[in-house]
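See below for the structure under consideration.
Residue numbers (our numbering), protein chains in the order written: chain A, 1 to 177; chain B, 1 to 842.
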């Protein structure tokens, strides 16, 4: 039985309210990811212990979902909308432009310095803004949408994020003519 | 039993059985890539389709899901069945290299040949480690897949176009290559349902689904304990043993028995080029059946072949030089004869080994008689005899009829062992089975956390040495012993009081490093608890698990002090005083095995003659006058007697190398030269002689019903509760807890190899955080663990699963360095408290 470290105690507190055989696994994983940004090995072990599961069962469930991540998140995530409306309005091109600007190959991916990452988003019905992305800051839970993109604006936004600009500054970049 | 018609033949089968098992038993070839015999069907691969006449909605049914019913008419070879199976197989091959599997030329190809169909080298069966022992390959042959589809050439196909996922080759036991995986999930279910370890899972989804270990990292960072049950069931080369991976295709199989612990799992050695290359569980032992552990599966490669002795050694001044067997034998005989003529036979002592076979032990006892000395023992002899005495007092025999298979039916089990998962893993597996399948209640009495804890109904965490008090308390329904959590104690008492009756059992596993007093007290208390639980039938409910494989066997063969003979600690003391001047040690290493290392080292140094018979140049052999090279355990024919008193036939899986001789032959030659002209020199004759002398079953009986024949089991037992053992006084410092750990190999520890623990998991002292805080040490710190005289340098790990006041160190750490911290004769009431002295921060 591994030792109670500070990090472990923190995770334990996050999942203390969840009970075995209550269908609480997803809620527990969300709680940890919301507060810590990702599911570490240690976190999955603590969740397993709390819910009477094997760590492998927790990982098996978590890895099924695109949303859960197992490495610390980037400073700012670009959540690329994969919905049909965005795709019809060149969402694919926007994605490729962002990935190329950040030097990434696929979604999900993070830049090496951890400043920016791209993750998959699902349609939330704001299709009048298509094609769109969300900019998210996991540490502050701040989320801003950026709509009606085109490739040039997406590239300017991604460049700003790559170079360490704030969310506001990056959004400003998309508004420049 | 009902009758079914299988391909026109009438077959008897019990109703409700899975059809696929019946078909396989009849010797009819059927593909079933995801089914595991005995487990619920998964019905994932769908290759076991058969035609069940009249079945609805279609006669095409999965044989793994279908249950046998009377009058069922089953055809496995109709054209429709064949076609359907082929198309199902085609789907499986869509994400596996298939070109060789569907190519009719494969049998003509050699690995170096240029493929006429342009198949790349890395995708060929011929260059796969599992070629010709692969279930997928066989399955493709059974369904004649080449008849259905041509090898997939020239079209885009994701398998051939995407880079393969990364294999995991980071540990010394298990290799995982995901590109071979067909996602049958047998490994996931074997780990969950056969082992209850739950280290394997399916991860991801859709096209990216893979199996993963633990939380998705490397295997050695997960909770996998490398038992290899997943390797046994894997139909492809996805999960493979790392040792001998590329040569593991056995030409022949040898049934044998594992000698790593007293469970005595039956195993088969796969033999190629006259050496074992692979181990599989052999279902003969009704308790272990299809399960073994990492020690059984990889014990034969724990030590490289070059590290085994192939020549005998003779002392020349400070050095041991190679010699022929005859030279070494003559040196040994001359040295022993010289001591005997100068000081009498009383100056010679003989030490046996609990890893030896019965035949070797029998000859060693004869050798002692030929010498004329009563001083015969083995390093843990005192512990065994203390337990046996306690059992005789309680049950009027130490050869109780309890058998481990009963344990699988028990509803309440009290386990008194340091870590039964580590020391006797298959017992732990069966206990988990009992908890999961039959809701059995397990109470654990131990100073440290074990992997079985998760399934326990109650855990009594005691300080080392307080086990007896806890067990007696459970028997009497008394109050909690000092230091035991009151709530846990109440739970344990509750389980015990509700569990009284026909299906309760007690498992007691002493540790070799425990002193006789401590082991005897714990055994007495455990026997009292068995009597409290089962009354007059307690003898059928008391399971004594010695640490080493053949403790019961060698005791039966007479490896114990004769009249006026000295026990092991007395022999060492006498050697230090100069009364014992010569020692014959067979296959044991007291410097590794026995407490009181400093005294033992001094005794060995002072000897006039030390004759060692071993397959390894052990740390003890370094002091020898002559070392006679014996064959290793997997090259030795013999019998061993497990904790059940089953007599198991350990068969040789390779011929002796170089000038190695059979242990029996060496001991017979020694006995012969020392006066016992009749000593039998072969395994068969030795067994005949020992059967006649001890009442053991003959080889005809042993081989006639393998792993079923039990030796010398008492037919009747009594149940006399004994007075409660005197409580062990607690002391203020740390108390050492040590015992058999899982990964450190006896053989490699005996030669003090750096790789004795190939995973390097067991090279630390585990401390309770409270004790660590008091000592000012943290995980990773290197400390001196000292009793004021000797000290051991060791890294610290903090663990709240260790009882406060306890320092847990695996027994075989650093070649038994720890044994210097214990007094000769083992940990007892007088054992000094340990202190931790911090050396350097991590």
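Beta carbons: idealized from backbone N, C-alpha and C, even for Gly.
Check, Outcome
"Closest residue to residue 561 of chain B among B:639, B:364, B:30 and B:732 (Cα-Cα distance)", "B:364"
"Residue 151 of chain A versus residue 139 of chain B: straight-line alpha-carbon distance, rounded", "52 Å"
"Within chain B, the residues that residue 55 of chain A reaches when beta carbons sit closer than 7 Å", "214, 215 and 223"
"7 Å Cβ cutoff met for residue 810 of chain B and residue 741 of chain B", "yes"
"Contact under 7 Å by Cβ, residue 781 of chain B with residue 796 of chain B", "yes"
"Where residue 60 of chain A falls, given that 16 or more other Cβ within 10 Å makes a residue buried", "buried"
"Every unbroken beta strand (DSSP E) inside the segment 163-231 of chain B [3 residues or more]", "174-176, 200-203 and 210-213"
"Contiguous beta strand (DSSP E) assignments of at least 3 residues, all confined to the segment 453-535 of chain B", "458-461 and 504-509"
"Span of the beta strand (DSSP E), counted from its first residue to its last, around residue 687 of chain B", "No beta strand (DSSP E) holds residue 687 of chain B; the alpha helix (DSSP H) holding it covers 683-694."
"Alpha-carbon spacing of residue 171 of chain A relative to residue 133 of chain A, whole angstroms", "11 Å"
"Selected residue, minimal CA-CA separation from residue 815 of chain B, among B:745, B:790 and B:800", "B:745"
"Identity of the residues DSSP links to residue 80 of chain A by a beta bridge", "A:120 and A:133"
"Reference residue 114 of chain A; option with closest CA among A:81, A:72, A:11 and A:8", "A:72"
"Chain A residues whose Cβ lies nearer than 9 Å to that of residue 205 of chain B", "63, 64, 65 and 66"
"C-alpha distance - residue 31 of chain A paired with residue 15 of chain A, whole-angstrom precision", "7 Å"
"Short-range partners of chain B found in the segment 32-47 of chain A, where Cβ spacing is below 9 Å", "39, 40, 41, 42, 43, 44 and 45"
"Continuous beta strand (DSSP E) assignments of at least 3 residues falling wholly in the segment 237-322 of chain B", "239-241, 252-257, 266-272, 275-281 and 312-316"
"Selection from B:273, B:166 and B:185 that minimises the alpha carbon distance to residue 232 of chain B", "B:185"
"Where residue 842 of chain B sits in the DSSP three-state scheme", "Its pLDDT being 47, under 50, residue 842 of chain B is placed unreliably in this model, and the coordinates cannot settle the point."
"Any chain A beta carbon closer than 7 Å to residue 202 of chain B", "yes"
"Continuous beta strand (DSSP E) assignments of at least 3 residues falling wholly in the segment 798-827 of chain B", "806-808"
"C-alpha gap between residue 661 of chain B and residue 629 of chain B, whole angstroms", "7 Å"
"6 Å Cβ shell around residue 171 of chain B - same chain, five flanking residues per side excluded", "219 and 220"
"DSSP state of residue 791 of chain B mapped onto helix, strand, coil", "strand"
"Within-7 Å CB hit, residue 109 of chain A to chain B", "no"
"Local conformation of residue 407 of chain B per DSSP, three classes", "helix"
"Candidates A:53, A:69 and A:42: closest to residue 196 of chain B by CA position", "A:53"
"Contacts of residue 555 of chain B in chain A (Cβ-Cβ under 9 Å)", "Residues of chain A passing the Cβ test: none, with the nearest at roughly 36 Å."
"Whether residue 78 of chain B touches residue 51 of chain B by CB criterion (7 Å)", "yes"
"Status (buried if at least 16 other CB within 10 Å, exposed otherwise) for residue 175 of chain B", "buried"
"Distance, residue 119 of chain B Cα to residue 152 of chain B Cα", "9 Å"
"Residue 70 of chain A: contacting residues in chain B (beta-carbon distance under 7 Å)", "216"
"Secondary structure of residue 897 of chain B, DSSP reduced to three states", "Limits of chain B in this structure are 1 at one end and 842 at the other, which puts residue 897 of chain B out of reach."
"Residues near residue 874 of chain B by beta carbon distance below 7 Å, same chain, minus five either side", "Nothing in the structure corresponds to residue 874 of chain B, since chain B is present only between 1 and 842."
"Cβ-Cβ separation, residue 116 of chain A to residue 78 of chain A (assumed contact under 8 Å), whole Å", "7 Å"
"Cross-strand partners of residue 369 of chain B (DSSP beta bridge)", "BP columns for residue 369 of chain B are empty, so no partner."
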